[in-house]
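*Asks:*
2 protein chains.
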Amino acid sequence: MDHPSVIRPAVHASYHRDKMGKTTLFQSSRLLVGLNAFEPGQEHALHAHAGMDKVYQVIEGEGVFLLEGRELPMHAGDLLVAPEGVPHGVRNTGTERLLVLAILAPGPR
Amino acid sequence: MDHPSVIRPAVHASYHRDKMGKTTLFQSSRLLVGLNAFEPGQEHALHAHAGMDKVYQVIEGEGVFLLEGRELPMHAGDLLVAPEGVPHGVRNTGTERLLVLAILAPGPR
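Top to bottom, those sequences are chains G and C. Under our numbering, the first residue of the first sequence is numbered 69, with each subsequent residue one higher. Under our numbering, the first residue of the second sequence is numbered 69, with each subsequent residue one higher.
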């Protein structure tokens, strides 16, 4: 993908029957911009990134952000920041597909 | 603002009559997550960040991304990545307010 160019994220979504689909839109040493695509019932289990901050933004669909001991309902447009070391995840609890923009800084090696 | 928590970006937008309004949603050494808010006709002129990648995502409204020698129409949901050193900007060419999520990595000092 050439940058800078105007990206409509949903066009690049990749869904899989077995598990969450992942797409990389941009990657550098500073930043990873990707998509996490969830069929109904799929999840990305609670996990944490040492030394990396994570931003989620809900592109379409509904579900919950998974945090330690909590689940927070999410809707299209919602944003969540998981600072480095803070466990986080996503579960599609809806009946439609769920697409989430996932940004990590710095980019994983 | 406490993190992680669910953020509805538009709630935090700050518009100004004189110039683009800015809001910081999260800041660390790794990452800045902010909002740029444009009244009709306002712009953030072409500029570049040495050593920092920028991500824009349009929350609401319409306008153009400014690039060197080009203007690219933008609509709600569109995303653009300006890798480090690449000049970029935003102009609200619409009749409504324009709100853009602006992410920089690493965070400015």
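Cβ atoms here follow ideal geometry from the backbone N, Cα and C, with glycine treated the same way. In this text the structure is predicted, and so the values were computed from the model without any measurement.
Kindly list the residues whose CB is nearer than 6 Å to the CB of Pro155(G), restricted to its own chain and excluding five residues on each side of it in sequence; keep chain order.
*Replies:* Cβ neighbours of Pro155(G) within its own chain (closer than 6 Å, five residues either side excluded): Leu114, Ala116 and Glu136.
*Asks:* Helix, strand or coil, according to DSSP, for Val101(C) in the structure here?
*Replies:* strand
*Asks:* I'd like to confirm the pairing. Which residues does DSSP put opposite Ala170(C) in its beta bridges?
*Replies:* Gly102(C) and Tyr124(C)
*Asks:* Using alpha carbons as the reference points, say which of Arg98(G), Leu140(G), Arg165(G) and Pro72(G) lies closest to Gly157(G).
*Replies:* Leu140(G)
*Asks:* Kindly indicate which three-state DSSP category Pro77(G) falls into: helix, strand or coil?
*Replies:* helix
*Asks:* Would you say Ser96(G) faces chain C, with C-beta separation under 8 Å as the test?
*Replies:* yes
*Asks:* For the region 159-174 of chain G against the region 71-85 of chain C, do three or more pairs of beta-carbon atoms, one drawn from each stretch, fall closer than 8 Å, so that the two count as touching?
*Replies:* no
*Asks:* Would you report the Cα separation of Gly153(C) and Gly119(C), rounded to the nearest angstrom?
*Replies:* So the alpha carbons of these two residues sit roughly 7 Å apart.
*Asks:* Where does Gly109(G) land, buried or exposed, given buried means 16+ other C-beta within 10 angstroms?
*Replies:* exposed
*Asks:* Please state whether DSSP places Met142(C) in a helix, a strand or coil.
*Replies:* strand
*Asks:* Taking only beta carbons into account, state which residues of the region 120-138 of chain G come closer than 8 Å to chain C, listed in chain order.
*Replies:* Met120, Asp121, Val123, Gln125, Ile127, Phe133 and Leu135
*Asks:* Can you confirm whether the region 163-170 of chain C touches the region 74-90 of chain C when touching is taken to mean that 3 or more C-beta pairs between the two stretches lie within less than 8 Å?
*Replies:* Taking a contact to require three or more Cβ pairs closer than 8 Å, the region 74-90 of chain C and the region 163-170 of chain C qualify as touching.
*Asks:* Using a beta-carbon distance below 8 Å, is Leu167(G) in contact with chain C?
*Replies:* Cβ-Cβ to chain C under 8 Å: no for Leu167(G).
*Asks:* Between the region 72-106 of chain C and chain G, which residues of the former have CB atoms less than 8 Å from a CB of the latter, in chain order?
*Replies:* Flagged, chain order: Pro72, Ser73, Val74, Ile75, Arg76, Pro77, Ala78, Leu93, Phe94, Ser96, Arg98, Leu99 and Val101.
*Asks:* Determine the burial state of Lys122(C): buried for a count of at least 16 other Cβ atoms within 10 Å of its Cβ, exposed for fewer.
*Replies:* buried
*Asks:* Which whole-angstrom value describes the C-beta separation of Met142(C) and Val149(C), a residue pair presumed to lie in contact below a C-beta threshold of 8 Å?
*Replies:* No, Met142(C) and Val149(C) are not in contact; Cβ-Cβ is about 13 Å, not under 8 Å.
*Asks:* Quick one: grab the DSSP three-state call for Val154(G).
*Replies:* In the three-state scheme derived from DSSP, where H, G and I count as helix and E and B as strand, Val154(G) is classed as coil.
*Asks:* If we ignore side chains and look at the alpha-carbon of each, how far apart do Glu107(C) and Tyr83(C) end up?
*Replies:* Going by C-alpha positions, Glu107(C) is about 7 Å away from Tyr83(C).
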